[in-house]
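Chains F and C supply the protein sequences, listed in that same order.
The first sequence begins at 1 in the numbering used here and counts up by one.
The second sequence begins at 211 in the numbering used here and counts up by one.
Number of protein chains: 2
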Amino acid sequence: MSELLQQNYGFLFQEELLKELQEVGVYKKIDANSTIIDIDNYITSMPLVLSGAIKIMREDNDGDELVLYYLEVGDTCAMTLSCCMGQVKSQIRAVAETDVELLMIPKKKMAEWLSKYQSWQEFVLQSYHNRMEEFIEAVDTIAFLKMDERLYKYLKDKAMVNHSEVIQVTHQQIANDLHTSRVVISRLLKGLEKENKIELHRNHIKILQL
Amino acid sequence: MSELLQQNYGFLFQEELLKELQEVGVYKKIDANSTIIDIDNYITSMPLVLSGAIKIMREDNDGDELVLYYLEVGDTCAMTLSCCMGQVKSQIRAVAETDVELLMIPKKKMAEWLSKYQSWQEFVLQSYHNRMEEFIEAVDTIAFLKMDERLYKYLKDKAMVNHSEVIQVTHQQIANDLHTSRVVISRLLKGLEKENKIELHRNHIKILQL
DNA sequence: AATGTAAAGTAACATAGGTTACATAACAGA
DNA sequence: TCTGTTATGTAACCTATGTTACTTTACATT
Numbered sequence: 001m002s003e004l005l006q007q008n009y010g011f012l013f014q015e016e017l018l019k020e021l022q023e024v025g026v027y028k029k030i031d032a033n034s035t036i037i038d039i040d041n042y043i044t045s046m047p048l049v050l051s052g053a054i055k056i057m058r059e060d061n062d063g064d065e066l067v068l069y070y071l072e073v074g075d076t077c078a079m080t081l082s083c084c085m086g087q088v089k090s091q092i093r094a095v096a097e098t099d100v101e102l103l104m105i106p107k108k109k110m111a112e113w114l115s116k117y118q119s120w121q122e123f124v125l126q127s128y129h130n131r132m133e134e135f136i137e138a139v140d141t142i143a144f145l146k147m148d149e150r151l152y153k154y155l156k157d158k159a160m161v162n163h164s165e166v167i168q169v170t171h172q173q174i175a176n177d178l179h180t181s182r183v184v185i186s187r188l189l190k191g192l193e194k195e196n197k198i199e200l201h202r203n204h205i206k207i208l209q210l
Numbered sequence: 211m212s213e214l215l216q217q218n219y220g221f222l223f224q225e226e227l228l229k230e231l232q233e234v235g236v237y238k239k240i241d242a243n244s245t246i247i248d249i250d251n252y253i254t255s256m257p258l259v260l261s262g263a264i265k266i267m268r269e270d271n272d273g274d275e276l277v278l279y280y281l282e283v284g285d286t287c288a289m290t291l292s293c294c295m296g297q298v299k300s301q302i303r304a305v306a307e308t309d310v311e312l313l314m315i316p317k318k319k320m321a322e323w324l325s326k327y328q329s330w331q332e333f334v335l336q337s338y339h340n341r342m343e344e345f346i347e348a349v350d351t352i353a354f355l356k357m358d359e360r361l362y363k364y365l366k367d368k369a370m371v372n373h374s375e376v377i378q379v380t381h382q383q384i385a386n387d388l389h390t391s392r393v394v395i396s397r398l399l400k401g402l403e404k405e406n407k408i409e410l411h412r413n414h415i416k417i418l419q420l
């Protein structure tokens, strides 16, 4: 664990803070596809991603969901951040996209370090900034792109965070993530295949020209 | 100016910080409908809203735009915040929805106060949190609502920030704000009128049952 | 009052995306 | 190999939204 911490956060934080992180942080290993945080969960600690990727999604009252963005190594969850500050419920769901290793930082320390360590303060603010940018990209995607473009972007993004040009997913799962129906996805996927952008197989899709 | 500052921010900040705000903050009065910040502008100061409301919008490469949310008294712009930190270009456009009074805080002070004043640090983090919530609401709206629902929400939100049940706007302007076409808006407005939710007039709309 | 202009109304049509219903293919396990 | 199950393919249809084209209305200016 301390190697991953050193490797991914070492250049950000000073010695003393890294030591504290190791002391108070709780190491957690999570299997792919399990839910890490759900909507309306109370948040009491903030996760630093040591390895793997996390899918962040939003769900409306009718249970329709939508993928917003992914967290990767070196990221933290800004919603968690602000939930920690304000004792508020989570407004998003976080699901392990791959196997994930986390370092959980207790709420109390998080706030304490903001005053104590300049580098921590910068990290937190930078994280907020990054998450705002992800949100803008998410808005752009759903507001300005047509479904076939969204689909292709989705496939490329997913390939990216999984470090593989083959993604394990069914058409139904894609439809859930993009908040549309399976038939629509099958139709558009077939179109992408005809354009030689992807190869379709049962339970997996290969992205060509990455 | 100092009355507005005291009134809207007095309960947030300690005496000393309020004094500094008055000393270094530059008072700015902006007419309704003028652009305060545009996409790709470099940001060198951060605005505290003293009075009025600001419309925050996003535009894609083809020039299609979309309203994201409004800033009101007591708010600050989180994008500006993070742009200030990182010397980055703005990704959003800010347009005065009403006449607006601002207190512009230079970038340098902003960062300095983060370490110096606990209350400033809390304000900045709270602002980020508020803006994240606005983004989530924006995503919900465009992803999960149909156009007639979005339109009705738009009208109510606009009435809210303008403190008036009559809003001065043409169908074309609404279409631009919602990233759709004028004909669609006229059609849906007519529908809302038939449901007795609004009254249509040339250049203005009255919202009933607020 | 006559006229010009921008706003709003509306019909007719085009298209993307959602829905239903069913057929076929891939794979797992007996 | 046979069989059941899940994934995928696909046609036919439906609906919301976008587009084009034109008319009518409100209002300001002369």
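Glycine included, every Cβ here is placed at the ideal spot set by N, Cα and C.
{"Item": "Chain F contact for C:M320 (CB, 8 angstroms cutoff)", "Value": "no"}
{"Item": "Close-in-space but distant-in-sequence residues of the same chain around F:Q168 (CB under 6 angstroms, 5 per side omitted)", "Value": "H204"}
{"Item": "Residues of the region 267-296 of chain C whose Cβ lies closer than 9 angstroms to any Cβ of chain F, in chain order", "Value": "R268, D270, N271, D272, D274, L276, L278, A288, M289, L291, S292, C293, M295 and G296"}
{"Item": "From C:K368, C:G273, C:V305 and C:P257, residue whose alpha carbon lies closest to that of C:T390", "Value": "C:G273"}
{"Item": "Spatial distance of C:H339 from F:F135 (CA atoms)", "Value": "13 angstroms"}
{"Item": "Minimum Cβ-Cβ distance from F:S115 to chain C less than 8 angstroms", "Value": "yes"}
{"Item": "Within-8 angstroms CB hit, C:D342 to chain F", "Value": "Here residue 342 of chain C is Met; the residue named in the question, Asp, does not match the sequence. Answer yes: the Cβ-Cβ gap between C:M342 and chain F drops below 8 angstroms somewhere."}
{"Item": "Under 7 angstroms (Cβ pairs) to chain F, residues found in the region 344-359 of chain C", "Value": "F345, I346, A348, V349, D350, I352, A353 and F354"}
{"Item": "Interface residues of chain F facing C:Q328 [CB-CB closer than 8 angstroms]", "Value": "S115"}
{"Item": "Alpha carbon of C:Q301 to alpha carbon of C:E307, nearest angstrom", "Value": "19 angstroms"}
{"Item": "Alpha-carbon spacing of C:M370 relative to C:A385, whole angstroms", "Value": "19 angstroms"}
{"Item": "Residue-level contact to chain C via CB, F:L17, 8 angstroms cutoff", "Value": "no"}
{"Item": "C:S337 vs C:L291 beta-carbon contact at 8 angstroms", "Value": "yes"}
{"Item": "Cβ-Cβ separation, F:L12 to F:E101 (assumed contact under 8 angstroms), whole Å", "Value": "At roughly 17 angstroms, the Cβ-Cβ gap does not stay under 8 angstroms, so F:E101 and F:L12 are not in contact."}
{"Item": "CB contact check: F:Q91 to chain C, cutoff 8 angstroms", "Value": "yes"}
{"Item": "Reference F:Y27, options F:M57, F:P106 and F:Y69, closest by Cα", "Value": "F:P106"}
{"Item": "Near-chain C residues of the region 165-182 of chain F - C-beta to any C-beta below 7 angstroms", "Value": "H179"}
{"Item": "Distance between C:L258 and F:L125 (C-alpha atoms, nearest Å)", "Value": "18 angstroms"}
{"Item": "Assigned exposure category for F:D40 - 16 Cβ within 10 Å defines buried", "Value": "exposed"}
{"Item": "Below-8 angstroms beta-carbon distance, F:H204 vs any chain C residue", "Value": "no"}
{"Item": "Alpha-carbon spacing of F:V24 relative to F:M46, whole angstroms", "Value": "12 angstroms"}
{"Item": "CB contact below 8 angstroms: F:Q6 versus chain C", "Value": "no"}
{"Item": "Rounded separation between C:E332 and C:C293 - CA only", "Value": "18 angstroms"}
{"Item": "Same chain, Cβ closer than 8 angstroms to F:A138, five either side skipped, listed in chain order", "Value": "L68 and Y69"}
{"Item": "beta-carbon C:T351 near the ligand ZN non-hydrogen atom, thresh 7 angstroms", "Value": "Looking at this structure, you won't find the ligand ZN or any other ligand, since it has none at all."}
{"Item": "C-beta neighbour in chain C for F:Y42, strict 8 angstroms", "Value": "no"}
{"Item": "Status (buried if at least 16 other CB within 10 Å, exposed otherwise) for F:T76", "Value": "buried"}
{"Item": "Every unbroken alpha helix (DSSP H) within the region 312-346 of chain C, with a cutoff of 4 residues, ordered by chain", "Value": "317-326"}
{"Item": "Nonlocal neighbours in the same chain, by C-beta distance under 6 angstroms from F:K29, ignoring five residues either side", "Value": "E101"}
{"Item": "F:Y128: contacting residues in chain C (beta-carbon distance under 7 angstroms)", "Value": "S292 and Y338"}
{"Item": "Cα-Cα separation, C:I253 to C:E230", "Value": "21 angstroms"}
{"Item": "Between the CA atoms of C:L260 and C:V305 - distance to the nearest angstrom", "Value": "15 angstroms"}
{"Item": "CB of C:L361 within 8 angstroms of CB of C:L398, strictly", "Value": "yes"}
{"Item": "Contacting residues, own chain, Cβ-Cβ under 8 angstroms from C:E275 (five flanking each side not counted)", "Value": "M267, R268, E269, R303, N386, D387 and H389"}
{"Item": "Inter-residue Cα distance where the pair is F:T141 and C:E226", "Value": "44 angstroms"}
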